[in-house]
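Numbering (my numbering), first residue to last: 2 to 169.
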């Protein structure tokens, strides 16, 4: 009986310290808490493709509003600014139809560069000098280059916003 009275406090202490250490999981959002607002500048483009820079900028703004705690603001009041440029868009045929010699599937690669800069300190928070996104579209079923680029811009926006997440 006396041994169990002496062992019980030790077991409780060990169990308590184990519970306090936890398993390193968190329910906090994975975004920086020191930034509240972001200004998204219109992406530039070296490509002569109609409106890609507008579509990418719009997709990023929508993704920021939907997936992050950040608010989109004017540059004069923002904590950070996101800038970027579409460097290139390349298409390649992934397979030809044997009867018509037309493409069965077309793959597209979009290369961008972007940076997220803290306007208060001048620190570059995220920088990707060459960020590649690949997608494809299938012309025989009616998909067009425009639909492929819509998928690419949405996918790029999602990955750009994900790159703003804090590291574990």
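Glycine included, each C-beta is placed from N, C-alpha and C at the ideal position.
Please return the same chain residues whose Cβ sits closer than 8 Å to the Cβ of residue i, not counting the five positions on each side in sequence.
i           : result
residue 63  : 158
residue 56  : 150, 151 and 154
residue 148 : 138
residue 98  : 104, 105 and 141
residue 96  : 104, 105 and 106
DSSP beta-bridge partners for residue i?
i           : result
residue 136 : 109
residue 44  : Residue 44 is not bridged to any residue.
residue 115 : 85 and 129
residue 104 : 97
Once you ignore the five residues that flank residue i on each side, which residues in its own chain have a CB closer than 7 Å to its CB?
i           : result
residue 46  : 53, 54, 86 and 87
residue 58  : 41, 43 and 44
residue 114 : 85, 86, 88, 129, 130, 131 and 132
residue 144 : 138
Helix, strand or coil, according to DSSP, for residue i in the structure here?
i          : result
residue 39 : strand
residue 68 : helix
residue 31 : coil
residue 93 : strand
residue 1  : Only positions 2 to 169 of the chain appear in the structure, and residue 1 is not among them; the question remains open.
residue 1  : With the chain covering only 2 through 169, there is no way to say anything about residue 1.
Output needed for residue i: all residues of its chain with C-beta closer than 6 Å, excluding positions within five of it in sequence on either side, in chain order.
i           : result
residue 69  : 32
residue 164 : 127
residue 136 : 109, 149, 152 and 153
residue 119 : 81 and 126
residue 91  : 110
In terms of residues, what are the limits of the alpha helix (DSSP H) holding residue i?
i           : result
residue 151 : 146-163
Residue i lies in the beta strand (DSSP E); which residues open and close that run?
i           : result
residue 166 : Looking at the DSSP string, residue 166 is not in any beta strand (DSSP E), and its letter there is neither H nor E.
residue 77  : No beta strand (DSSP E) contains residue 77, which DSSP labels as neither H nor E.
request  = Answer yes if the stretch 103-110 comes into contact with the stretch 60-80, meaning at least three C-beta pairs across the two stretches below 8 Å, and no otherwise.
outcome  = no
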